[in-house]
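Q:
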Amino acid sequence: MKFTTTSLALVLLAASFCVANTAQAGTISYRNAVLADSPIVYYEFDETSGTTAANSATTGATYTGTFNTAGGSVTVGQASFAQGGTAYDFGGGFVGAASALTNSLDEWTVEVWVNYDSGKTSASNFLSNDQGGWNDDVLIGIGPEDGRAGVPGGNVGVIQQGNPGPTRDFAGAALAANEWHHIVMTGSTSAGALTLYIDGVFAASDTSLVNDATFNGADGFGASPNLTIGAARPNSGDAGYRPYDGLLDEVAIYDSVLTPAQILAHTNVPEPATMTLLGLGGLLIARRRRRRS
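The sequence shown begins at 260 in this note's numbering and counts up one residue at a time.
1) With hydrogens ignored, establish whether the beta-carbon of D465 is closer than 7 Å to any heavy atom of the ligand ATP.
2) Using only alpha-carbon positions, find the residue among S308, V300, I401 and A524 that is nearest to N314.
3) Going along the chain, which unbroken runs of the beta strand (DSSP E) with 3 or more residues stay wholly within the segment 474-520?
4) Pick helix, strand or coil for N327, following the three-state DSSP scheme.
5) In three-state DSSP terms, what is N291?
6) Quick one, which of A329, E366 and N362 has its alpha-carbon nearest F349's?
7) Please report the distance separating the alpha-carbon of P403 from that of D376.
8) According to DSSP, what are the bridge partners of S383?
9) For W393, tell me which candidate among V369, R427 and S387 has the shortest Cα-Cα distance.
10) In three-state DSSP terms, what is A346?
11) Once you ignore the five residues that flank A359 on each side, which residues in its own chain have a CB closer than 7 Å to its CB?
12) Under 6 Å Cβ to Cβ from R492, same chain only, skipping five residues before and after it: list those, please.
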């Protein structure tokens with residue numbers, strides 16, 4: 260196969276176009292994979308300005324997130340994993356939903372990409388509906404509750420605090436800091452289990468629940484169980500604030516338990532580099548066919 264100067268220039272031009280657009284294509288591919296499984300809340304965190312986080316799920320503006328920086332920063336436009344577009348860096352602030360989940364969830368999945376700061380490895384909650392007391396609260400993070408419920412610092416975990424309590428159910432496993440990981444946590448009242456997956460692989464579960472696995476919503480117990488991302492409670496003056504420190508991206512909540520196959524599929528979306536090679540391969544084949552015709 261022989262290239263002329265013109266054909267080589269065309270290939271190089273096409274290559275530059277592919278490189279410039281594969282990051283966006285990778286982001287779209289990941290987004291489509293998530294939306295195909297029908298999340299009720301989905302924050303892509305692709306904003307590069309402003310103080311609100313758009314909800315890409317069909318519930319739309321009902322769960323638009325609003326920044327609260329009274330306790331620290333929330334910085335947009337940060338580097339993410341290969342297919343993630345941009346991410347948010349949480350440095351003491353949080354993103355609060357406009358309302359609690361409309362309905363309490365007996366079957367649910369929380370999915371998020373996590374890159375936490377090694378400087379803060381415990382009492383670092385990145386998603387919660389905690390309002391104090393025992394109200395079917397779900398707390399998710401790095402060593403949530405300071406490890407008092409069996410999820411120590413340096414471990415990612417989920418805790419369910421039943422109603423009326425005072426017993427916590429939990430599942431957790433070690434997670435390396437300062438690098439991106441795909442985290443999925445599921446709660447199933449029918450199966451009696453809290454389950455954790457890391458990078459698409461089963462990591463831990465609690466199948467001897469004292470409580471059920473309910474994720475409290477607006478129709479549930481207590482006052483207003485706000486959905487809080489980046490802290491445990493939506494008030495930096497609260498002793499139970501427990502802010503997250505690090506990067507987060509692609510936060511999704513489902514009103515069902517995703518299957519292991521669905522979870523694994525979200526970690527196997529083609530990366531931009533792979534898409535670039537595929538695009539270039541297609542261009543070369545097309546060019547060769549045109550020369551032969």
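Backbone N, C-alpha and C define an ideal beta-carbon position, used for all residues, glycine too. Computed from a predicted structure; not experimentally measured.
A: With the structure as the only source:
1) This structure does not include the ligand ATP; it has no bound ligands of any sort.
2) V300
3) 504-513
4) strand
5) helix
6) A329
7) 15 Å
8) I401
9) R427
10) strand
11) N388, G476, A477, S483, P484, N485 and L486
12) D389, G499 and Y500
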